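Numbering (the numbering used here), first residue to last: 272 to 534.
Down below is the structure, laid out as structure tokens.
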Ligand code: GLN
């Protein structure tokens, strides 16, 4: 009697293990199929490291790139005053804004994006990554605003620093990118129109209106856009414009200081 009971129990246990294994296998196969269809690993896992922090990502945001750490590190090195206000235009996942708030402890960091879906991701990252920050709770987070470039910013609103990693890939070049990027990352976060410079033209003009005198801009750029973007800033009256290289020696960031013309 007892023996029959035991073998029944062990048969049940074996069934359980088998079911568990089957479920695991099918989940694993599902993941492999996704990857085989060139969905980026980061979208499958739902996360990407950036500046030593773990950011949630999905198909609505550009996956944070190591190149962009060059911009964040430059701002952290140069902006030592914690009281500055910083705007991150085209914030996407919020990786730049949230890193600056977390690692730089700046008093006011704002992020803006045209995409409502991207802003949901950015807010989630702000909540998750900044939640345990020891800054006074009302000042812990990044403030996000939906805006098509500066359209939701009143003329009078000014920041000490404006940073941006706008879409900058020339439209035709997007077709040559890997399927992971071309087919699965948001086109709106990549496409800088025919010459890739569309958003820098807007930034050069609008940042002049939305920076305090002596304020700074830092823009991520494509490796071959340094001269063109620097010239745009020069034309619009920015001073001390510079092109900074990333860790591989490629041009990656253009920066400058705003001064009222003639001063
Ligand atoms: N650096 C990204 C890429 O290589 C593009 C980022 C952007 O357009 N802002 O795909």
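Don't be surprised by glycine CBs; every beta carbon is placed ideally from N, CA and C.
Please read these numbers as outputs of a predicted model, since none were measured by experiment.
- With 16 or more neighbouring CB atoms inside 10 Å of its own CB, residue 370 falls in the buried class.
- For residue 373, same chain residues with a beta-carbon under 7 Å away, outside a window of 5 residues either side, are 324, 400, 401 and 404 in chain order.
- A distance of 9 Å or more separates the beta carbons of residue 329 and residue 432.
- Scanning the stretch 410-498 for uninterrupted beta strand (DSSP E) segments of 3 residues or longer gives 414-417, 430-435 and 482-491, listed from N- to C-terminal end.
- Between residue 375 and residue 333, the gap from beta carbon to beta carbon reaches 9 Å or more.
- Just measuring C-alpha positions, the residue of 491, 512 and 496 sitting nearest residue 341 is 491.
- Secondary structure at residue 337: helix, using DSSP grouped into helix, strand and coil.
- Here DSSP, grouped into helix, strand and coil, assigns residue 319 to strand.
- In this structure, ligand 1 has no non-hydrogen atom nearer than 8 Å to the beta-carbon of residue 389.
- In this structure residue 450 touches residue 309 by the C-beta definition: roughly 4 Å separates them, less than 8 Å.
- Annotated three-state conformation of residue 356 is strand, per DSSP.
- With contacts defined by Cβ atoms closer than 9 Å, residue 507 and residue 479 form a contacting pair.
- Boundaries of the beta strand (DSSP E) harbouring residue 381: 379-384, taken from the DSSP string.
- Residue pairing for residue 506: DSSP places it in no beta bridge.
- From the listed residues 381, 525, 311 and 358, the smallest Cα separation to residue 331 is found for 311.
- Using a C-beta cut-off of 8 Å, the stretch 456-469 makes no contact with the stretch 518-527, since fewer than three inter-stretch Cβ pairs fall below that distance.
- In this structure, the C-beta of residue 460 approaches ligand 1 to less than 8 Å from one of its heavy atoms.
- With fewer than 16 neighbouring CB atoms inside 10 Å of its own CB, residue 354 falls in the exposed class.
- Not one heavy atom of ligand 1 sits closer than 8 Å to the Cβ of residue 472.
- Relative to the Cα of residue 441, the nearest Cα in the group 470, 425, 421 and 416 belongs to 470.
- Residue 395 carries a helical assignment under DSSP once its states are collapsed to helix, strand and coil.
- Within the model, the alpha-carbon separation for residue 529 versus residue 313 is close to 37 Å.
- Note that the C-beta distance between residue 434 and residue 365 is not below 9 Å.
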